[in-house]
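Only one structure is covered here, and it is reproduced in the block below.
Number of protein chains: 2
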Amino acid sequence: MPIALRPIQALRLWQQVCLAEVRNDMPDLSERQIAILLTIYLDPPPHTVRGLAERLKVTKPVITRALDTMGALKLVSRHRDDHDRRNVLIRRTVEGALFVERFGDVIVARAEELPL
Amino acid sequence: MPIALRPIQALRLWQQVCLAEVRNDMPDLSERQIAILLTIYLDPPPHTVRGLAERLKVTKPVITRALDTMGALKLVSRHRDDHDRRNVLIRRTVEGALFVERFGDVIVARAEELPL
DNA sequence: CGAATTCGTTTCGGTCCCGTATCATTAAGC
DNA sequence: GCTTAATGATACGGGACCGAAACGAATTCG
């Protein structure tokens, strides 16, 4: 059975989750940054700048800058690939894993209290 | 019956929706902007700068700036309150309503194709 | 009336992000 | 070896945003 959501419930869920994030002073990430962060944490590695740029259909500097910012927030880290030293491998961090895990819990909690 | 989502499904849903928005060249809104936009479209009017600032627990300039940007995108509009001309009433627009409606449909569509 | 309060905006110095173009480094092809 | 290609980062001018403080306009209070 697929997840059945009506549009008004979907929008209400999105609102409640975003409100919760803002009110709890979480980093104010853009949709691009969230797409990158969740892709790194949900899709199987390895992750490269080029791969992420293709997956999001954006240019490489967009990925580089997002990694700069999220790296400063300790949500991701970068390391040179020893097999092909042109590559940069993007890796998860403990802080990032905790952030993503907590974020998932927030969504679940808000989904549970949605009106029908 | 409440909406039952497991954390991994919730995160996957968020990722798929953000990926869809980015890939479709939608405006790259931040969580703050989305929280403001959805509050305007889901909560009953009237909406004021002060009211939104309190609801999000942010300062008023944050709201003013977000309204500047989303106003340029035609997603919301501002009008002086004739009863108390200090107030600015934030109103919905046709473009904004279409954007929000489409966004809700994207969430629903991605929820339906979630793996169990 | 004048003073105090409220509302939204603006200013300030600073940071982040944009798209485009170019860069250095590394690897692969000949 | 030398040239070509690929990868990620950087420079550029411009725009958006930050928090804190000050601002003008409108209202309320005394």
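Those sequence lines, one after another, are chains A and B.
In terms of the working numbering, the first sequence is numbered consecutively and its last residue is 116.
In terms of the working numbering, the second sequence is numbered consecutively and its last residue is 1116.
Just so it is clear, CB atoms sit at the ideal spot from N, CA and C, and this is done for glycine as well.
Keep in mind it's a predicted model, so treat the numbers as computed, not measured.
For Asp75/A, which three-state DSSP category applies? The amino acid at residue 75/A is misidentified as Asp; the sequence shows Leu. Residue state, collapsed to three classes: coil.
Length of the line joining the Cα atoms of Arg6/A and Glu1101/B: Arg6/A and Glu1101/B have their C-alpha atoms roughly 11 Å apart.
I need the boundaries of the beta strand (DSSP E) containing Val92/A, first residue and last residue. It is Arg, not Val, that sits at residue 92/A in the sequence shown. Segment 88-92, the beta strand (DSSP E) holding Arg92/A.
In chain order, what residues of the region 1033-1046 of chain B put their CB closer than 7 Å to some CB of chain A? Ile1034, Ala1035, Leu1038, Thr1039, Leu1042
Nearest chain A C-beta to Phe1103/B closer than 9 Å, yes or no? yes
Please report the straight-line C-alpha distance between Trp14/A and Arg1086/B, rounded to a whole angstrom. 31 Å
My guess is that Leu11/A and Leu1056/B are in contact by the Cβ rule of under 8 Å, so how many angstroms apart are they, rounded? With 8 Å as the limit, Leu11/A and Leu1056/B do not qualify as a contact, their Cβ atoms being about 17 Å apart.
Could you say if the region 1036-1053 of chain B and the region 26-46 of chain A meet the contact criterion of at least three C-beta pairs nearer than 8 Å? Using a Cβ-Cβ distance cut-off of 8 Å, the region 1036-1053 of chain B and the region 26-46 of chain A are not in contact, since fewer than three pairs of beta carbons, one from each stretch, lie closer than that value.
Quick one: Cα of Glu1112/B to Cα of Asp1081/B, how far? 42 Å
Rounded to the nearest angstrom, what separates Val106/A and Leu1073/B at their Cα positions? So the alpha carbons of these two residues sit roughly 29 Å apart.
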